[in-house]
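The sequence shown begins at 64 in our numbering and counts up one residue at a time. Just so it is clear, CB atoms sit at the ideal spot from N, CA and C, and this is done for glycine as well. Read through the structure below, which is laid out as structure tokens, and then see the notes.
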Amino acid sequence: SVISPCDVYGTAQALHEALNMPEEERKERAKKLVDTIEREDIERWLCWQLEAVAAFKL
């Protein structure tokens with residue numbers, strides 16, 4: 064989940080959970096992040112933006 068940087072308690076809690084996360088879960092989450100980055104790179108994002116602009120009707 065996303066935590067506001069202004070939420071000191073939430074940030075501390077998330078850091079605590081991350082630092083105490085089992086190794087297997089850390090590896091699984093890291094793999095998901097890498098997969099997302101590889102699948103949704105900047106070129107794909109730019110194409111989505113250009114397609115949205117092209118589809119926009121005035």
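If you follow the alpha helix (DSSP H) that lysine 95 is part of, which residue opens it and which one closes it? Here residue 95 corresponds to residue number 32 of the sequence shown, with the count starting at 1. Segment 86-102, the alpha helix (DSSP H) holding lysine 95.
What's the gap between the Cα of histidine 79 and the Cα of lysine 94? Against the sequence shown, residue 79 aligns to sequence position 16. Against the sequence shown, residue 94 aligns to sequence position 31. Each residue's Cα considered, the two are about 21 Å apart.
Per DSSP, what kind of secondary structure is isoleucine 66 in: helix, strand or coil? Within the sequence shown, the letter at position 3 stands for residue 66. Coil, per DSSP.
Taking the C-alpha atoms as reference points, what is the distance between valine 65 and alanine 117? Sequence index remark: in the sequence shown, residue 65 carries index 2 (1-based). Sequence index remark: in the sequence shown, residue 117 carries index 54 (1-based). If I take the Cα positions, the gap works out to 31 Å.
Three-state secondary structure (DSSP) at leucine 124? The structure shown does not extend to residue 124, since the chain spans only 64 to 121, so no value can be given for it.
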